[in-house]
Amino acid sequence: MKKNVLIIGAGGVAKVVAHKCAQHNDELGRIAIASRNISKCQAIIDSVKAKGSLKEPADIKAFSLNAMDVEATKALIRETGSQIVINVGSAFLNMSVLRACIDTGVAYLDTAIHEEPGKICETPPWYGNYEWKHLEECKEKNITAILGVGFDPGVVNAYAALAQQQYFDRIDSIDILDVNAGSHGKYFATNFDPEINFREFTGQVWSWQNSQWTSNTMFEVKRTDDLPVVGAQNLYLTGHDEVHSLSKNLGVPNVRFWMSFGEHYINVFTVLKNLGLLSEQPVKTAEGLEVVPLKVVKAVLPDPSSLAPGYTGKTCIGDLVKGIKDGLPREVFIYNVADHEEAFAETDSQGISYTAGVPPVAAALLVARGEWDVQRMANVEELPAELFLKALDVMGLPTRIKDENGDRPWN
Numbered sequence: 004m005k006k007n008v009l010i011i012g013a014g015g016v017a018k019v020v021a022h023k024c025a026q027h028n029d030e031l032g033r034i035a036i037a038s039r040n041i042s043k044c045q046a047i048i049d050s051v052k053a054k055g056s057l058k059e060p061a062d063i064k065a066f067s068l069n070a071m072d073v074e075a076t077k078a079l080i081r082e083t084g085s086q087i088v089i090n091v092g093s094a095f096l097n098m099s100v101l102r103a104c105i106d107t108g109v110a111y112l113d114t115a116i117h118e119e120p121g122k123i124c125e126t127p128p129w130y131g132n133y134e135w136k137h138l139e140e141c142k143e144k145n146i147t148a149i150l151g152v153g154f155d156p157g158v159v160n161a162y163a164a165l166a167q168q169q170y171f172d173r174i175d176s177i178d179i180l181d182v183n184a185g186s187h188g189k190y191f192a193t194n195f196d197p198e199i200n201f202r203e204f205t206g207q208v209w210s211w212q213n214s215q216w217t218s219n220t221m222f223e224v225k226r227t228d229d230l231p232v233v234g235a236q237n238l239y240l241t242g243h244d245e246v247h248s249l250s251k252n253l254g255v256p257n258v259r260f261w262m263s264f265g266e267h268y269i270n271v272f273t274v275l276k277n278l279g280l281l282s283e284q285p286v287k288t289a290e291g292l293e294v295v296p297l298k299v300v301k302a303v304l305p306d307p308s309s310l311a312p313g314y315t316g317k318t319c320i321g322d323l324v325k326g327i328k329d330g331l332p333r334e335v336f337i338y339n340v341a342d343h344e345e346a347f348a349e350t351d352s353q354g355i356s357y358t359a360g361v362p363p364v365a366a367a368l369l370v371a372r373g374e375w376d377v378q379r380m381a382n383v384e385e386l387p388a389e390l391f392l393k394a395l396d397v398m399g400l401p402t403r404i405k406d407e408n409g410d411r412p413w414n
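In our numbering, the protein residues as written are 4 to 414.
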């Protein structure tokens with residue numbers, strides 16, 4: 004049984020993680036938060052205290068940490084006595100934090116695939132370039148490392164596994180649909196780290212079709228779906244983390260990821276991209292200063308965590324699964340709807356941060372209880388899905404299912 008959690012990162016998702024860990028500190032034990040900016044860690048702690056989120060009286064400690072420094076991260080893991088590390092910092096940190104966890108023998112959880120600053124939309128399967136290179140090491144050293152345990156990737160992986168285990172004899176396609184029908188009231192902003200957000204869209208869009216990798220460009224392929232609560236939405240084929248693991252682990256011939264975008268977002272994105280302002284490669288100004296255009300854009304856009312007050316509307320994210328059951332064609336939509344205002348009332352965060360931040364804490368609880376302490380590296384679809392979804396049901400992200408029998412709670 005593992006206890007004591009170190010949260011790495013101090014953005015909007017980390018705030019949700021901290022609140023949810025606090026709500027379950029009777030099982031998770033001591034909580035520490037670390038990032039380069041210790042004042043942001045302290046602000047999260049203040050929010051947790053102001054909301055009365057702690058289930059049992061306890062101190063939450065803040066630490067300054069450069070998580071790219073493996074030795075410093077190892078020292079902090081030992082200093083805090085943490086046995087579970089939840090990495091919700093930048094995706095650039097994954098391999099450094101994973102190394103520290105392997106070396107100290109503690110459980111590692113993250114919410115996104117590793118990225119290198121100078122590379123975007125890498126050759127699939129992307130996990131094979133980084134995390135999966137440590138599969139054997141984690142198995143040999145009995146290290147629990149759960150990859151991509153946010154919402155997407157994460158919960159949608161569990162939806163796919165649930166569909167395969169319970170609702171189909173054969174699955175022909177999994178289309179992950181991600182809709183944010185909320186409004187933050189800003190002229191232009193991204194719901195999570197702008198740098199990571201734009202990097203997803205400026206290169207090739209990789210999808211798994213007819214059991215092979217297929218490449219498109221962003222906004223090239225569009226569909227319209229009428230979804231529960233949020234209604235008719237335009238979605239675009241997009242490359243995303245979970246496609247890289249589901250294509251390997253489930254044996255399904257078609258796995259695609261679709262995200263909704265408004266015309267305004269597309270127009271602004273297109274102008275920024277065509278001007279070269281979304282490039283991850285450094286350029287020199289007339290004054291001889293070397294800058295990365297994408298980092299400049301990130302610096303001038305609103306901090307995603309600042310969007311939470313006044314954010315209205317809902318999200319709808321789920322898996323549209325098609326295949327065969329008992330010899331007949333079947334279509335099932337497994338999904339969740341989250342509310343931005345409800346997320347803010349509970350955690351001072353907007354709904355996108357909420358959907359990404361609750362799942363790693365549910366996973367941490369399962370690790371602490373021994374149910375997901377698998378002592379190997381795994382993506383979410385390789386783990387017992389029902390345990391995870393039942394935990395999410397009571398933690399604020401209930402799962403629903405829509406099929407030929409209607410629209411209802413899944414369990």
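The beta carbon of each residue, even a glycine, is placed where N, CA and C say it ideally should be.
If you're wondering where the values come from, they're calculated on a predicted model, not measured in any experiment.
- In the displayed model, residue 287 falls within a strand according to three-state DSSP.
- Inter-residue distance for residue 195 and residue 154 is about 13 Å (C-alpha atoms, whole angstroms).
- Per DSSP, reduced to three states, the secondary structure at residue 170 is helical.
- In the three-state DSSP reduction, residue 255 falls in the coil class, being neither helix nor strand.
- Of the other Cβ atoms in all chains shown, 16 or more fall within 10 Å of the Cβ of residue 365; this residue is therefore buried.
- Contact check for residue 89 against residue 146 fails: the beta carbons are separated by 8 Å or more.
- Here residue 54 really is in contact with residue 351; their C-beta atoms are around 7 Å apart, less than 8 Å.
- Linking residue 25 to residue 374 through their CA atoms gives a straight-line distance of about 20 Å.
- Secondary structure remark: continuous alpha helix (DSSP H) runs of at least 4 residues inside the stretch 189–268, in chain order: 197–202, 244–252.
- Residue 101 has its alpha-carbon roughly 26 Å from the corresponding atom of residue 162.
- For residue 260, the CB contacts under 6 Å within the same chain, skipping 5 residues up- and downstream, are 179, 241, 243, 246 in chain order.
- Within the same chain, 361 come within 6 Å of residue 399 by CB-CB distance, once the 5 residues on both sides are set aside.
- Residue 339 sits buried, since 16 or more C-beta atoms from the chains shown fall within 10 Å of its C-beta.
- Around the beta-carbon of residue 187, 16 or more other beta-carbon atoms lie within 10 Å, marking it buried.
- Taking C-beta atoms under 8 Å as the contact rule, residue 368 and residue 139 fail to qualify, at a distance of about 28 Å.
- Using a Cβ-Cβ distance cut-off of 8 Å, the stretch 206–223 and the stretch 341–358 are not in contact, since fewer than three pairs of beta carbons, one from each stretch, lie closer than that value.
- In the DSSP assignment, residue 6 falls outside any alpha helix (DSSP H), carrying neither H nor E.
- For residue 97, no beta strand (DSSP E) segment is defined; the enclosing uninterrupted segment is the alpha helix (DSSP H) at 97–107.
- Measuring C-alpha to C-alpha distances from residue 407 to each of 363, 401, 337, 117 identifies 337 as the nearest.
- For residue 317, the enclosing beta strand (DSSP E) begins and ends at 317–328.
- A check of alpha carbon separations from residue 38 across 228, 70, 95 identifies 70 as the nearest.
- In this model, residue 56 and residue 227 are separated by some 39 Å (Cα to Cα).
- Residue 136 counts as exposed, since fewer than 16 other beta carbons sit within 10 angstroms of its beta carbon.
- For residue 59, the closest C-alpha among the options 95, 67, 22 is that of 22.
- The C-alpha of residue 5 is placed about 6 Å away from the C-alpha of residue 86.
- Beta-bridge partners of residue 277 (DSSP): none assigned.
- Only residues of its own chain outside the window of five on either side were considered, and among them 123 have a CB closer than 6 Å to the CB of residue 202, listed in chain order.
- Inclusion of residue 174 and residue 383 in the CB contact set at 8 Å is not warranted, their separation being larger than that value.
- Under the three-state reduction of DSSP, residue 33 is assigned to coil, being neither helix nor strand.
- Remark: C-beta atoms of residue 64 and residue 107 do not approach each other more closely than 8 Å.
- In this structure, residue 239 keeps its C-beta atom at 8 Å or more from the C-beta atom of residue 272.
- Here residue 103 is not near residue 370, since their CB atoms are 8 Å or more apart.
- In this structure, the straight-line span from the alpha carbon of residue 206 to that of residue 357 is close to 27 Å.
- Scanning 258, 191, 193 for the CA closest to the CA of residue 218 turns up 258.
- In the three-state DSSP reduction, residue 62 falls in the coil class, being neither helix nor strand.
- For the set 93, 128, 105, 127, the Cα lying nearest the Cα of residue 119 is the one of 93.
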